[in-house]
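Reviewing the structure listed below.
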Amino acid sequence: MVTKFVDYLLPLVKGHTSSEEITGLVVADQVVFRGEDYNKDWLTFKNCIFQDEVIFSELDFHSGIKFIDCIFEKTVSFSNFDVTGSRIAPVRHSYSIFFGQCIHRGAVFFREGKVLDNLVLSNCQFDLGLDFIKIEVPNGKLSVENSTIKSFCGFQLIEIGKQFDLKKNTFDCNFSIDDSKINNLLLASNEFKKRIEIENSMFSGSLLLIDGVYHKESRFFNNDIGGFLSLSGGEYRDNFFVTFRSRGTSPNTIKSFYIANCNFSNGFFADIDVKDTFELKPIVHSIRVNASPTLKGNIVFRNIDVGLLELSNFNANADFVFENMWFNKIEITNFLNRAQIVFSNVRASFTTWFVVHNAKVRSRRMIAVPIQIEQPKMLDLISEGEKLTMSSSEMFVHATNLGDTQFFQTDFASFDRVIITNSIVSEISTSKCKWFPNEKLGVLDIAKIKRKKGMTEETRLDFTLNNREVYRQLKLAMEKQGDRPLALEFQRREMWYYAQYITSAEKYNYKDRFILWLGQTNDYGQNWWKATWLSLISNFILYIPIALLTSTKLAHDKFATSLRDVRLSLSEIFYGRLYIYPQLLNPAHILDRIVDVRSSPGIIYFVDALNRIVIAYFIFQIVTAFRKYVRS
Numbered sequence: 051m052v053t054k055f056v057d058y059l060l061p062l063v064k065g066h067t068s069s070e071e072i073t074g075l076v077v078a079d080q081v082v083f084r085g086e087d088y089n090k091d092w093l094t095f096k097n098c099i100f101q102d103e104v105i106f107s108e109l110d111f112h113s114g115i116k117f118i119d120c121i122f123e124k125t126v127s128f129s130n131f132d133v134t135g136s137r138i139a140p141v142r143h144s145y146s147i148f149f150g151q152c153i154h155r156g157a158v159f160f161r162e163g164k165v166l167d168n169l170v171l172s173n174c175q176f177d178l179g180l181d182f183i184k185i186e187v188p189n190g191k192l193s194v195e196n197s198t199i200k201s202f203c204g205f206q207l208i209e210i211g212k213q214f215d216l217k218k219n220t221f222d223c224n225f226s227i228d229d230s231k232i233n234n235l236l237l238a239s240n241e242f243k244k245r246i247e248i249e250n251s252m253f254s255g256s257l258l259l260i261d262g263v264y265h266k267e268s269r270f271f272n273n274d275i276g277g278f279l280s281l282s283g284g285e286y287r288d289n290f291f292v293t294f295r296s297r298g299t300s301p302n303t304i305k306s307f308y309i310a311n312c313n314f315s316n317g318f319f320a321d322i323d324v325k326d327t328f329e330l331k332p333i334v335h336s337i338r339v340n341a342s343p344t345l346k347g348n349i350v351f352r353n354i355d356v357g358l359l360e361l362s363n364f365n366a367n368a369d370f371v372f373e374n375m376w377f378n379k380i381e382i383t384n385f386l387n388r389a390q391i392v393f394s395n396v397r398a399s400f401t402t403w404f405v406v407h408n409a410k411v412r413s414r415r416m417i418a419v420p421i422q423i424e425q426p427k428m429l430d431l432i433s434e435g436e437k438l439t440m441s442s443s444e445m446f447v448h449a450t451n452l453g454d455t456q457f458f459q460t461d462f463a464s465f466d467r468v469i470i471t472n473s474i475v476s477e478i479s480t481s482k483c484k485w486f487p488n489e490k491l492g493v494l495d496i497a498k499i500k501r502k503k504g505m506t507e508e509t510r511l512d513f514t515l516n517n518r519e520v521y522r523q524l525k526l527a528m529e530k531q532g533d534r535p536l537a538l539e540f541q542r543r544e545m546w547y548y549a550q551y552i553t554s555a556e557k558y559n560y561k562d563r564f565i566l567w568l569g570q571t572n573d574y575g576q577n578w579w580k581a582t583w584l585s586l587i588s589n590f591i592l593y594i595p596i597a598l599l600t601s602t603k604l605a606h607d608k609f610a611t612s613l614r615d616v617r618l619s620l621s622e623i624f625y626g627r628l629y630i631y632p633q634l635l636n637p638a639h640i641l642d643r644i645v646d647v648r649s650s651p652g653i654i655y656f657v658d659a660l661n662r663i664v665i666a667y668f669i670f671q672i673v674t675a676f677r678k679y680v681r682s
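Residue numbers for the sequence shown follow our numbering, beginning at 51 and rising by one.
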């Protein structure tokens, strides 16, 4: 049926029936509904063709409007409209505005409107674009699915209370979301043939990108995301940028990143917009990477303060760069790396971090809290049943092969604890790193290891054997890259833990225990000064009986029978016979040439022989330590 708007459609819509279904209509002229022109609670168009513009302006749609299998030859425009049910309708629909299986030859505009329930565009074709400006859907969702959009597609100043869904669409145009407030945004299985930009928007929930193909650059700038920015699947054929605002004292935040099964052909980059070392770093509560053979490309994070970094599973094709980053916790568990990972200028976070535990669901999350916050106000950050505890900084590596992981200017010592268990770290490369002191490696206090208190023997053995293995692998890694001084330092620590292990595990292996005990006199070939002062002390101890036994002023049978004898003995030791002391430092000395031994007891030769052995041993230890950098 071919008709004109004013002859048939306008009188029909002005009628006072609660709903109307219009089918098979061809409208040849412009359709314009304004104010009192529209008087329906619910209106449905099926199989209609609109040959000229369709304009809805300053209307209260009450319950809503629906278009099924319609063709629009020119522009469709909704402006200053309201679909919030201001008048009670007999039937409540699951959506307020619905377009299904429609073809739009002209552009489609939604401007300055408010929708009670859902606004759905499904299985449609938009030849000249789709544009939303100042649209509110406070209690429902906005959905565009299984559609093709050409020319342009933009969403500006929109507010979505529940979710914004873009699923299985093809965008032959640039796509943008600007200055909007959205709970959750879902982009699933879309094909973006041109650029995608999401800027200056706030997401109280999460932004989820699932599968899909992105042919051109994807740019996310200055967005606040209260939940996850999740990238699961998807092929990104050009750059993917996530840019934080760095100006001012409160940079924008993204609570968490989650990355899995993506192919970044030209790289993923998360960074701040201006590189200024005096600016606060943006806060990210967690970065979780679920590696797999399908995760490919370069993934780069720079200039961010992170509560928790998690790497897990098998990484074969993705290269990671973490540059100028602060981390409160790094957890690399059950991770096998066959690609390249770079930690550059990384250290423990300066931010005060807390862990929120929920015993009921066995979950945990991290929050960053300014150090100046008042204690009572901290309780506002948690819900009932949750427990808030301060988080110490930690690097945790478990059941992992780091493979070709590179550490440049990484401050391991800044972390409160470094824990490496059941892992392979012998293939790593390092440059200008600040290494953790021995006390920070592992979960136990090294003082307890020395005292052998506060733990079971089995725990102590596991701890010492694990740390010994860690230092052995670090030693091999340093040797492979030619850093002999650091390799020797790790060797010293390795031997210390091995000595602790032998002492507990092989109590009757006295030969090795004795050798390892003696090796501590020069810190297992690393400390010449320790061997030197030990040689001076031991030589002085053995010099005392030689000085007393060769003195002509003392009776050999009464060194200290009176106070006078004590004073005389001390005088001989520290003054009268002191010239003997430096000569005894030569293990090749001849005792008869140094002192008159004719009236001395025979035991003096035993003491002298013992002194020669001790001094010779310490000279060997000194020479060994001096040659630590040149011996092979």
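All residues carry an ideal CB built from backbone N, CA and C; glycine is no exception. Quantities reported herein were computed from a predicted structural model and do not represent experimental measurements.
Cβ pair residue i, residue j closer than 8 Å
{"i": "N316", "j": "N289", "result": "yes"}
{"i": "V396", "j": "F377", "result": "yes"}
{"i": "N313", "j": "K346", "result": "yes"}
{"i": "I115", "j": "C98", "result": "no"}
{"i": "V475", "j": "L452", "result": "yes"}
{"i": "N353", "j": "F385", "result": "no"}
{"i": "I469", "j": "G492", "result": "yes"}
{"i": "G262", "j": "G277", "result": "no"}
{"i": "C174", "j": "C152", "result": "yes"}
{"i": "L207", "j": "K184", "result": "yes"}
{"i": "F404", "j": "L438", "result": "yes"}
{"i": "Q101", "j": "E123", "result": "yes"}
{"i": "S336", "j": "N363", "result": "no"}
{"i": "L216", "j": "N240", "result": "yes"}
{"i": "F225", "j": "E249", "result": "no"}
{"i": "K191", "j": "F221", "result": "no"}
{"i": "S442", "j": "R467", "result": "yes"}
{"i": "V371", "j": "V392", "result": "yes"}
{"i": "P637", "j": "A659", "result": "no"}
{"i": "T480", "j": "H448", "result": "no"}
{"i": "S282", "j": "I246", "result": "no"}
{"i": "L599", "j": "I654", "result": "yes"}
8 Å contact criterion, which residue i and residue j should meet: CB distance rounded
{"i": "Q541", "j": "K525", "result": "5 Å"}
{"i": "L536", "j": "M528", "result": "5 Å"}
{"i": "L199", "j": "G150", "result": "According to the sequence shown, residue 199 is Ile rather than Leu. Contact flag wrong, Cβ pair sits at about 15 Å."}
{"i": "V657", "j": "L592", "result": "6 Å"}
{"i": "F457", "j": "E381", "result": "Their Cβ separation, rounded to whole angstroms, is 17 Å, which puts F457 and E381 out of contact at 8 Å."}
{"i": "N219", "j": "S197", "result": "5 Å"}
{"i": "I275", "j": "L257", "result": "5 Å"}
{"i": "F465", "j": "K484", "result": "Rounded, the Cβ-Cβ distance is 11 Å, inconsistent with contact."}
{"i": "I232", "j": "I210", "result": "4 Å"}
{"i": "V645", "j": "I623", "result": "No, V645 and I623 are not in contact; Cβ-Cβ is about 14 Å, not under 8 Å."}
{"i": "G163", "j": "N189", "result": "Incorrect: roughly 14 Å between the Cβ atoms, too far for contact."}
{"i": "V133", "j": "F111", "result": "4 Å"}
Continuous alpha helix (DSSP H) stretch holding residue i: start and end
{"i": "L641", "result": "641-644"}
{"i": "V63", "result": "60-64"}
{"i": "L634", "result": "630-634"}
N- and C-terminal bounds of the beta strand (DSSP E) containing residue i
{"i": "L171", "result": "168-172"}
{"i": "Y308", "result": "304-310"}
{"i": "V81", "result": "81-84"}
{"i": "R467", "result": "467-471"}
{"i": "R161", "result": "158-165"}
{"i": "D181", "result": "180-187"}
{"i": "L452", "result": "Unbroken run through L452: none, as it is neither H nor E."}
{"i": "C203", "result": "203-206"}
{"i": "Y145", "result": "145-150"}
{"i": "M445", "result": "444-448"}
{"i": "L359", "result": "355-365"}
{"i": "K212", "result": "209-217"}
{"i": "V292", "result": "290-294"}
{"i": "S193", "result": "191-195"}
{"i": "G71", "result": "Note on identity: in this sequence residue 71 is Glu, with Gly being the wrong assignment. It spans 69-73 - the beta strand (DSSP E) in which E71 sits, taken as one unbroken run."}
{"i": "V334", "result": "333-341"}
query: Residue ranges of each beta strand (DSSP E) run of no fewer than 3 residues wholly in the stretch 81-139, ordered along the chain?
result: 81-84, 92-96, 104-107, 114-118, 126-133
query: Could you give the uninterrupted runs of the beta strand (DSSP E) lying entirely in the stretch 216-279, keeping only those of 3 residues or more?
result: 220-222, 225-228, 231-238, 246-249, 257-260, 268-271
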